[in-house]
Amino acid sequence: MQLIALDDIYPGWDGLDDGVAYVRQHVLEPHARGEVARWQRWDWERDCRAEHSEVDPDRSLVIEGSGIITELTMPFASVAVWLDAPDLARKQRALGRDGDTYSPHWERWAAQEEAHILRDQPSARATLRFDLP
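For the sequence shown, full-length UniProt numbering gives the first residue as 1, with consecutive numbering after it.
Pasting the structure below:
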(Lines of atoms letter the chains of each structure in order from A and count residues from 1; the text may use other names and numbers.)
(Lines give C-alpha, C1' and ligand atoms only; values in the text may rest on other atoms or scores of the structure.)
Protein backbone atom coordinates (compact mmCIF):
# COMPACT_ATOMS: atom_id res chain seq x y z
CA MET A 1 0.00 0.00 0.00
CA GLN A 2 1.15 3.52 -0.81
CA LEU A 3 0.01 6.58 1.12
CA ILE A 4 -0.01 10.13 -0.22
CA ALA A 5 -0.91 12.96 2.12
CA LEU A 6 -2.37 15.94 0.30
CA ASP A 7 -0.55 18.15 2.83
CA ASP A 8 2.54 17.21 0.80
CA ILE A 9 0.90 18.34 -2.45
CA TYR A 10 -1.27 21.41 -1.82
CA PRO A 11 0.52 24.37 -3.45
CA GLY A 12 0.38 26.67 -0.45
CA TRP A 13 -2.32 28.00 1.83
CA ASP A 14 -4.69 28.88 -1.00
CA GLY A 15 -4.18 25.62 -2.89
CA LEU A 16 -6.84 23.14 -1.80
CA ASP A 17 -8.54 22.92 -5.22
CA ASP A 18 -5.28 23.15 -7.15
CA GLY A 19 -3.77 20.38 -5.02
CA VAL A 20 -6.68 18.06 -5.74
CA ALA A 21 -6.50 18.84 -9.48
CA TYR A 22 -2.75 18.17 -9.38
CA VAL A 23 -3.13 14.80 -7.69
CA ARG A 24 -5.87 13.80 -10.13
CA GLN A 25 -3.72 14.66 -13.15
CA HIS A 26 -0.33 13.47 -11.88
CA VAL A 27 -1.29 10.53 -9.66
CA LEU A 28 -4.82 9.19 -10.10
CA GLU A 29 -5.03 9.24 -13.89
CA PRO A 30 -1.61 7.61 -14.56
CA HIS A 31 -2.16 5.09 -11.75
CA ALA A 32 -5.53 4.10 -13.26
CA ARG A 33 -3.85 3.57 -16.66
CA GLY A 34 -1.29 1.26 -15.03
CA GLU A 35 1.53 3.77 -15.45
CA VAL A 36 4.09 4.93 -12.92
CA ALA A 37 2.82 8.23 -11.54
CA ARG A 38 5.22 11.04 -10.60
CA TRP A 39 4.35 13.90 -8.30
CA GLN A 40 6.29 16.68 -6.63
CA ARG A 41 6.16 17.50 -2.95
CA TRP A 42 5.27 21.07 -2.04
CA ASP A 43 8.01 22.80 -0.05
CA TRP A 44 6.00 24.98 2.34
CA GLU A 45 9.03 26.95 3.51
CA ARG A 46 10.31 27.81 0.01
CA ASP A 47 6.77 28.09 -1.44
CA CYS A 48 7.53 25.93 -4.50
CA ARG A 49 7.50 22.35 -5.74
CA ALA A 50 10.38 20.19 -4.58
CA GLU A 51 11.57 16.62 -5.17
CA HIS A 52 9.65 14.04 -7.19
CA SER A 53 8.11 10.86 -5.81
CA GLU A 54 6.85 7.89 -7.78
CA VAL A 55 3.73 5.80 -7.34
CA ASP A 56 3.88 2.13 -8.30
CA PRO A 57 0.87 1.22 -10.47
CA ASP A 58 0.92 -2.35 -9.15
CA ARG A 59 0.38 -1.34 -5.52
CA SER A 60 -2.79 -0.05 -3.93
CA LEU A 61 -2.99 3.65 -3.21
CA VAL A 62 -4.47 5.68 -0.36
CA ILE A 63 -4.75 9.45 -0.68
CA GLU A 64 -5.73 11.39 2.42
CA GLY A 65 -6.59 15.01 2.80
CA SER A 66 -9.19 17.72 2.52
CA GLY A 67 -10.82 18.10 -0.85
CA ILE A 68 -10.05 14.69 -2.32
CA ILE A 69 -13.67 13.48 -2.56
CA THR A 70 -15.09 15.15 -5.68
CA GLU A 71 -17.08 14.17 -8.75
CA LEU A 72 -13.84 14.10 -10.76
CA THR A 73 -11.86 11.95 -8.30
CA MET A 74 -14.54 9.42 -7.34
CA PRO A 75 -14.19 7.34 -10.53
CA PHE A 76 -10.67 6.47 -9.34
CA ALA A 77 -11.73 5.40 -5.83
CA SER A 78 -12.78 1.96 -4.69
CA VAL A 79 -13.51 3.40 -1.23
CA ALA A 80 -13.94 7.01 -0.09
CA VAL A 81 -13.96 7.78 3.63
CA TRP A 82 -15.46 10.99 5.04
CA LEU A 83 -14.56 12.06 8.58
CA ASP A 84 -16.90 14.68 10.01
CA ALA A 85 -16.11 16.71 13.12
CA PRO A 86 -17.46 19.89 14.68
CA ASP A 87 -15.74 23.06 13.45
CA LEU A 88 -14.24 23.83 16.86
CA ALA A 89 -12.80 20.31 17.20
CA ARG A 90 -11.28 20.54 13.71
CA LYS A 91 -9.68 23.86 14.54
CA GLN A 92 -8.31 22.60 17.86
CA ARG A 93 -6.81 19.50 16.20
CA ALA A 94 -5.21 21.51 13.40
CA LEU A 95 -3.76 24.14 15.70
CA GLY A 96 -2.68 21.51 18.22
CA ARG A 97 -0.83 19.65 15.47
CA ASP A 98 0.69 22.59 13.59
CA GLY A 99 0.33 25.43 16.10
CA ASP A 100 1.98 28.69 15.15
CA THR A 101 2.47 27.61 11.54
CA TYR A 102 -1.23 27.03 10.89
CA SER A 103 -2.80 29.68 13.13
CA PRO A 104 -2.45 32.70 10.79
CA HIS A 105 -3.93 30.68 7.91
CA TRP A 106 -6.82 28.89 9.63
CA GLU A 107 -9.62 31.12 8.35
CA ARG A 108 -8.58 31.07 4.70
CA TRP A 109 -7.99 27.32 4.72
CA ALA A 110 -11.29 26.64 6.49
CA ALA A 111 -13.08 28.79 3.88
CA GLN A 112 -11.64 26.59 1.11
CA GLU A 113 -12.79 23.46 2.93
CA GLU A 114 -16.28 24.90 3.36
CA ALA A 115 -16.46 25.80 -0.33
CA HIS A 116 -15.42 22.23 -1.19
CA ILE A 117 -18.08 20.78 1.12
CA LEU A 118 -20.84 22.95 -0.38
CA ARG A 119 -19.76 22.37 -3.98
CA ASP A 120 -18.70 18.72 -3.93
CA GLN A 121 -20.87 17.21 -1.18
CA PRO A 122 -18.11 14.79 -0.08
CA SER A 123 -20.18 13.31 2.76
CA ALA A 124 -22.85 12.23 0.29
CA ARG A 125 -20.27 10.81 -2.15
CA ALA A 126 -18.31 8.87 0.48
CA THR A 127 -18.75 5.13 0.80
CA LEU A 128 -17.90 5.26 4.52
CA ARG A 129 -18.73 8.10 6.92
CA PHE A 130 -17.58 8.61 10.49
CA ASP A 131 -18.60 11.30 12.97
CA LEU A 132 -15.73 12.33 15.21
CA PRO A 133 -16.13 14.10 18.54
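Ideal placement from N, C-alpha and C gives every residue a C-beta, glycine not left out.
Remember, predicted model here, so these are calculated numbers, not experimental data.
On the premise that residue j lies in contact with residue i, defined as a C-beta separation below 8 Å, what is that separation, rounded to the nearest angstrom?
{"i": "Q112", "j": "L16", "result": "4 Å"}
{"i": "D43", "j": "A50", "result": "4 Å"}
With a CB to CB cut of under 6 Å and the five nearest residues on each side skipped, what residues in its chain are close to residue i?
{"i": "P30", "result": "A37"}
{"i": "residue 135", "result": "The structure shown does not extend to residue 135, since the chain is modelled only from 1 through 133, so no value can be given for it."}
With burial defined as no fewer than 16 other Cβ atoms inside 10 Å of the residue's Cβ, what is the status of residue i: buried or exposed?
{"i": "T73", "result": "buried"}
{"i": "H52", "result": "exposed"}
{"i": "L118", "result": "exposed"}
{"i": "S78", "result": "exposed"}
{"i": "P122", "result": "buried"}
Might you give, ordered along the chain, the residues of its own chain that have their beta carbon closer than 8 Å to the beta carbon of residue i, omitting 5 neighbours on each side?
{"i": "A126", "result": "I69, A80, V81, W82"}
{"i": "R108", "result": "W13, D14"}
With respect to 6 Å, is the separation between the Cβ of residue i and the closest non-hydrogen atom of the ligand HEM below this value?
{"i": "L132", "result": "With respect to small molecules bound, the structure shown includes none, and the ligand HEM cannot be examined in it."}
For this session: Report yes or no: do the region 49-62 and the region 2-11 share at least 3 C-beta pairs separated by less than 8 Å?
Result: Segments in contact, yes.
Exercise. Where are the beta strand (DSSP E) runs, 3 residues long or more, that stay fully inside the region 13-81, in chain order?
Worked result: 37-43, 48-55, 61-64
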